[in-house]
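The opening residue of the sequence shown carries number 13 in our numbering; numbering runs sequentially from there. Backbone N, C-alpha and C fix where the C-beta goes; we use that ideal spot for every residue, glycine too.
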Amino acid sequence: MSDSLKKRSQCSLTTDQTSTVTKEETSGPVKGQKTDKMSKKKRKLYTWDEIPHWQRDNEHILSGYVGETRSMFQCFLSLFYLHNESVNIYTHLLPGIAFLFVLCFDKFAVTQFETTTLIDYVMIDLFSLVSFTCLTLSSIFHCLKNHSRSVATFGNKLDYLGIVVLVVTSMVSIMYYGFFETPALFYLFSFITCTFGAACAVVSLKEGFRTREWRPYRAAMFVAFGLSAVLPIVTGIFYYGFSEIYLRIQVKWVLLGGIFYITGAVLYGVRFPEKYAPGKYDIWGHSHQLFHVLVVVAALCHLYGLIKSYNLVHLKMAIAQL
């Protein structure tokens, strides 16, 4: 028997043992004794072998599942105990709220210049809004995915769509400042970015591409999407020179964010590390959690680079007016 099957069997056995309820051995109730109606307390967590087939997505996660609830209230209650989706929920919920604060208090986050216009706030606030929306949708999906198959399917589509829109917004917003003086290049690369985003949206939303067998291909599409950011950088090098485009697009932060996005997608696609130690990373540290953390780090890298690009453009405009 393989290590994976042994761990799964042990996990199922442990769960069965803990779910056994001791019965009263007396033939009738003892005088003065109250019947304990809560003795058969409903279990909260289940193993891979006990959950419905529609809930089975990662065969290397053996335990810690919230069973099918068909109750929004029960899904809400799952926020207050630990299970294998808890980290997925909070690693996007809390950063999402942080991005909302950036959006609401943009006057403090964005340096004011005489040349600052509404479009500047649109670019920065749009990214903050999309980041908040993406991360919040993701946390809601991971909270409600145990409700039913239909809710899980719909929520998963929104989860992927949010990631696509976040990446598109990230690239378009910073290219606006990178090609501030050459609008034609900005429109060209924005079109290319939106095209890749649409392709990723199709493979994420269309049922034929949403099977477990297509997961590596979906991940590959997202990797290609991330790599498409190299194209405007290379073009900018030829057009402006390396030193200039490095500052205009904040290449360091864009590439760093892209590396985090791509690394997260690859880890999720290959199911690392739980694939090599089934059952060990059920609650903490499995690939989807790592993906979530890396997406947040990538978004923060981009926000920092975006604000630096904004500052650079307006500083140059201020110097030119002297």
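- From Lys-264 to Gly-270, what distance separates their C-alpha atoms? 10 Å
Cα-Cα separation, Leu-91 to Phe-254 = 48 Å
Would you tell me roughly how many angstroms separate the C-alpha atoms of Thr-59 and Met-233, rounded to the nearest one?
32 Å
- Quick one: what does DSSP say Tyr-93 is sitting in, helix, strand or coil? coil
Fill in: Cβ shell of His-326 (< 6 Å), same chain only, five flanking positions each side left out
Phe-125, Thr-127
- DSSP three-state call for Val-122: helix, strand or coil? Looking at Val-122 - three-state DSSP - the assignment turns out to be coil, as it is neither helix nor strand.
message: Are the CB atoms of Gly-291 and Leu-74 within a distance shorter than 9 Å?
response: yes
TODO: Would you list, in sequence order, the uninterrupted alpha helix (DSSP H) runs of no fewer than 4 residues that lie entirely inside the segment 210 to 296?
DONE: Runs of the alpha helix (DSSP H) inside the segment 210 to 296: 227 to 239, 242 to 252, 254 to 260, 263 to 282.
Worksheet item: Leaving out the 5 sequence neighbours to the left and right, which residues in its chain are closer than 6 Å to Ile-257 when beta-carbon positions are compared?
Response: Closer than 6 Å at Cβ, skipping near neighbours: Gly-248, Ile-249.
Rounded to whole angstroms, what's the CA-CA distance from Gln-301 to Val-99? Just pull it up for me. 6 Å
Discussion item. Assuming Lys-328 is part of the alpha helix (DSSP H), what are its boundary residues?
Written reply: 299 to 332
Helix, strand or coil at Leu-74 [DSSP, three-state]
coil
- Are the Cβ atoms of Phe-111 and Ser-150 separated by less than 9 Å? Cβ atoms of Phe-111 and Ser-150: not closer than 9 Å.
ask   = In whole angstroms, what is the alpha-carbon distance linking Thr-148 and Phe-303?
value = Annotation: Thr-148 to Phe-303 spans about 15 Å, alpha carbon to alpha carbon.
Span of the alpha helix (DSSP H) around Thr-181: 161 to 190
- Indicate whether Ala-231 and Ala-164 have their beta-carbon atoms separated by less than 9 Å. no
Notebook entry, point to check: Considering only C-alpha positions, which residue in the set His-159, Phe-120, Lys-169 is nearest to Ser-83?
Noted result: His-159
*Does the segment 202 to 220 come within contact of the segment 235 to 243, defined as at least 3 CB pairs closer than 8 Å?*
Yes, they touch.
Since Gly-108 is in the alpha helix (DSSP H), which residue starts that stretch and which ends it?
98 to 116
Can you name the start and end residues of the alpha helix (DSSP H) that Ile-152 belongs to? 130 to 156
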